[in-house]
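Numbering (the numbering used here), first residue to last: 21 to 113.
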């Protein structure tokens, strides 16, 4: 069951916990999952829902690919920021 599913919600409880909260704090997928799982458990308790107990199966290859992806995204973001800074500097001369 996915608690939080509704027309008004952008995410389920787990989606909100993982994407909007945990992955903003860490690039480590396993750590983000554990943080999201704890957040979901707390929210389900507060809302008097039966625990959904989210599960993860993340083989080493998946985790390694995830880290490569996040590293690549970070490098692109840094390069974009540097290019913008250089462009602003050169136009203000």
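Ideal Cβ placement from N, Cα and C applies to all residues, glycine included.
Query: Starting from residue 71, follow the alpha helix (DSSP H) in both directions and report where the run begins and ends.; Result: Looking at the DSSP string, residue 71 is not in any alpha helix (DSSP H), and its letter there is neither H nor E.
Query: Using the beta-carbon count (16 or more within 10 Å), is residue 108 buried or exposed?; Result: exposed
Query: Could you pull the start and end residues of the alpha helix (DSSP H) that residue 95 belongs to?; Result: 80–111
Query: I believe residue 60 touches residue 39 by the beta-carbon criterion, under 8 Å. Please report the beta-carbon distance rounded to the nearest angstrom.; Result: Wrong, their Cβ atoms sit about 12 Å apart, outside the cutoff.
Query: Whole angstroms are fine: how far does the CA of residue 47 sit from the CA of residue 82?; Result: 14 Å
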